[in-house]
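Position in the sequence shown (from 1) plus 2 gives the number in my numbering. Heads up, the beta-carbon is just placed ideally off N, CA and C, and yes, glycines get one too. Written below as structure tokens is the structure these notes are about.
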Amino acid sequence: MAERRAQAEPGDRSAALPGEGTAAPGGAGRDLGEQEPGAARGAWAAERCPDHDLELVWFCCTEKRLVCAHCPSLGACRGHRVRTVEEQAAELRNKIVDQCEKLQLQSATITKYVAEVLPGKNQSALSAASWARETVIQRLIFVRNVCENEEQRLLEKVHTEEERTHQSILTQRAHWTESLQKLATLRTYLVDMITNLDDRGLVHAEQEIFERTEAAEGILEPQESEKLNFNQKCVQSPLLHRLWASTVLCCTTGLEEIRVDEKTISPRLALSEDKKTLTFSPKAKTYPDCPDRFDHWPNALAAKAFHKGIHAWRVSVEKSCAYKLGVSYGSLQRKGPGNEARLGYNSCSWVFSRYDKEFRFSHDSQHQTVELIKCPMQIGVLVDFDGGEVLFYDPNSCIILHSHRETFTEPIYPVLAVADQSISLVQ
3 MAERRAQAEP GDRSAALPGE GTAAPGGAGR DLGEQEPGAA RGAWAAERCP
53 DHDLELVWFC CTEKRLVCAH CPSLGACRGH RVRTVEEQAA ELRNKIVDQC
103 EKLQLQSATI TKYVAEVLPG KNQSALSAAS WARETVIQRL IFVRNVCENE
153 EQRLLEKVHT EEERTHQSIL TQRAHWTESL QKLATLRTYL VDMITNLDDR
203 GLVHAEQEIF ERTEAAEGIL EPQESEKLNF NQKCVQSPLL HRLWASTVLC
253 CTTGLEEIRV DEKTISPRLA LSEDKKTLTF SPKAKTYPDC PDRFDHWPNA
303 LAAKAFHKGI HAWRVSVEKS CAYKLGVSYG SLQRKGPGNE ARLGYNSCSW
353 VFSRYDKEFR FSHDSQHQTV ELIKCPMQIG VLVDFDGGEV LFYDPNSCII
403 LHSHRETFTE PIYPVLAVAD QSISLVQ
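Now the structure itself:
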């Protein structure tokens with residue numbers, strides 16, 4: 003180095019900072035040729051600048067390559083921003099550490115998904131398939147003599163759906179297991195690079211490192227997918243619904259003896275002596291206040307709740323143009339004008355309603371219009387608690403008005419509301 007300094011002519015800028023306007027580190031007056039910044043020794047230590055025959059101890063931030071001390075002032079990197087190899091390597095290390103942490107978090111998320119979610123999905127699919135089989139078999143008991151072919155068809159659908167769900171879960175497991183392996187391999191590679199390479203080796207390998215890490219960015223986090231859930235709609239059958247509902251609802255002995263709980267009726271309602279007819283009153287009546295009574299909406303609950311089995315009842319609606327009927331949980335709110343106490347506007351009630359000539363089914367503020375050619379005189383309600391279904395039915399025409407599937411988590415009560423004339427539970 004002393005010989006090279008002796009060869010420099012007075013005023014020769016090769017021994018000074020890079021050309022004016024450069025951003026070479028070290029401050030004004032620093033001689034890049036004389037004060038080499040702690041160059042690392044390793045596999046790349048012998049590499050030298052082809053233009054100036056000096057060690058590559060600086061990094062050109064503009065061209066993204068190692069350079070010697072003279073390149074910023076005399077060579078191709080004149081005017082470029084440069085920094086020491088140590089500084090560049092430190093920044094690169096920080097990036098790699100951040101990437102390792104990201105990979106670790108990604109691996110933890112996938113591991114949890116594979117260990118906790120997928121087994122649950124598998125068990126859920128098996129349970130759902132078992133439930134579907136029982137539902138199909140039990141309902142076909144009502145019409146076994148005419149529905150044997152339908153039973154077989156539906157059971158095959160259940161089996162096909164179960165196989166599809168199971169295969170989807172296996173595919174997901176294989177995919178995420180492979181993803182975990184890729185992430186683990188990449189992380190091992192990165193740890194090996196940061197552990198075994200010196201500064202310049204690490205800088206030289208930067209492109210290779212980040213090309214490999216790009217592959218990890220293509221591995222997305224697991225997302226909820228309906229493909230992993232058993233589709234319970236596969237057992238729905240118009241034939242099964244009609245025959246099953248007709249068998250239950252058209253049989254008088256199959257109807258429940260339902261009476262209204264007088265402690266729940268709204269002040270806008272009057273209850274008959276037999277506790278079966280509700281009449282709307284424009285003027286509020288005075289009833290003893292109690293926690294069970296609805297104080298705003300014209301609602302009433304039955305005195306009897308169901309927690310298992312199949313139940314059916316009928317309501318005469320021919321006199322009214324504004325009513326609701328269906329089922330609700332006993333936890334339905336009773337007080338105030340809010341949706342929590344309004345039938346069909348919360349998660350605790352399922353009702354069929356009429357407003358003038360408009361018919362619809364409502365649950366949790368979700369409304370489905372029901373198109374009818376004529377206004378029914380009676381409406382039958384059929385609840386399969388274990389099978390998870392509530393069905394509204396016209397017993398006179400044997401037409402299903404609407405059906406809704408639901409997993410009931412609490413005992414359910416028949417519920418009624420009327421805002422015009424009267425409606426009655428049929429004996």
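Item                                                                                                                    : Value
DSSP-derived helix/strand/coil call for Ile98                                                                           : helix
Buried/exposed call for Gly311, threshold 16 Cβ in 10 Å                                                                 : exposed
Buried/exposed call for Leu76, threshold 16 Cβ in 10 Å                                                                  : buried
Spatially closest choice to Gln174 from Glu223, Asp200 and Arg202, by CA coordinates                                    : Glu223
Nearest-angstrom beta carbon gap, Ser351 and Gly328 [assumed within contact, 8 Å]                                       : 7 Å
Cβ-based neighbour list, Glu320, same chain, cut-off 6 Å, excluding 5 preceding and 5 following                         : Met379
Sheet register partners of Leu303 (DSSP bridge)                                                                         : Val417
Proximity to Ile171 [Cα-Cα], best of Asp53, Phe361, Ser227 and Asp396                                                   : Ser227
Gln106 - DSSP class collapsed to helix/strand/coil                                                                      : helix
Coarse secondary structure for Ser126, derived from DSSP in three states                                                : helix
Per-residue burial, Leu427 [other beta carbons within 10 Å of its own, 16 or more giving buried]                        : buried
Closest Cα partner of Phe1 within the set Tyr415, Arg362, Ile425 and Ser333                                             : The structure shown does not extend to residue 1, since the chain spans only 3 to 429, so no value can be given for it.
Environment of Pro300 [buried if 16+ CB atoms lie within 10 Å]                                                          : buried
For Val69, the three-state DSSP class (helix, strand or coil)                                                           : strand
The alpha helix (DSSP H) enclosing Leu204, as first and last residue numbers                                            : Asp201 to His206
Opposing strand residues paired with Ala314 [DSSP bridges]                                                              : Leu384
Ile211, buried or exposed, once every other Cβ within 10 Å from all chains shown has been counted against 16            : buried
Min CB distance Leu257 to chain C below 7 Å                                                                             : Among the protein chains of the structure shown there is no chain C, as only one such chain exists.
Cβ-based neighbour list, Arg50, same chain, cut-off 8 Å, excluding 5 preceding and 5 following                          : Leu56, Glu57, Leu58 and Cys70
Residue span of the beta strand (DSSP E) that contains Ile425, given as start and end                                   : Ser424 to Leu427
Contacting residues, own chain, Cβ-Cβ under 8 Å from His243 (five flanking each side not counted)                       : Leu393, Ile402 and Ser405
Neighbourhood of Gln234 by C-beta, 7 Å cutoff - its chain only, sequence neighbours within 5 removed                    : Ala130, Ala134 and Arg407
Three-way DSSP call (helix, strand, coil) for Val372 in this model                                                      : coil
Residues of its chain near Gln423, where Cβ-Cβ distance is below 6 Å and the 5 sequence neighbours each way are ignored : Lys321 and Ser322
7 Å Cβ cutoff met for Leu245 and Ala314                                                                                 : no
Three-state secondary structure assigned by DSSP to Lys326                                                              : strand
With 16 other Cβ atoms within 10 Å as the buried cut-off, status of Tyr357                                              : exposed
Exposure label - Asp386; buried when at least 16 CB within 10 Å                                                         : buried
Inter-residue spacing [alpha-carbon to alpha-carbon] between Glu164 and Phe232                                          : 7 Å
Rounded distance between the beta-carbons of Ala218 and Leu182, thought under 8 Å                                       : So it is not a contact: roughly 11 Å between Cβ atoms.
Segments assigned beta strand (DSSP E), at least 3 residues, entirely inside the segment 257-284                        : 271-273 and 279-282
Where Gly13 falls, given that 16 or more other Cβ within 10 Å makes a residue buried                                    : Caution applies to Gly13, whose pLDDT of 37 falls short of 50 and renders its modelled position unreliable; the value that the coordinates give is listed next. By the neighbour-count rule (16 or more Cβ atoms within 10 Å), Gly13 is not buried but exposed.
7 Å Cβ cutoff met for Asp201 and Ala78                                                                                  : no
Between the CA atoms of Leu107 and Thr215 - distance to the nearest angstrom                                            : 15 Å
Anticipated Cβ contact below 8 Å, Leu230 with Thr162, distance rounded                                                  : Not a contact, Cβ separation roughly 16 Å.
Leu76 in three-state terms, based on DSSP                                                                               : coil
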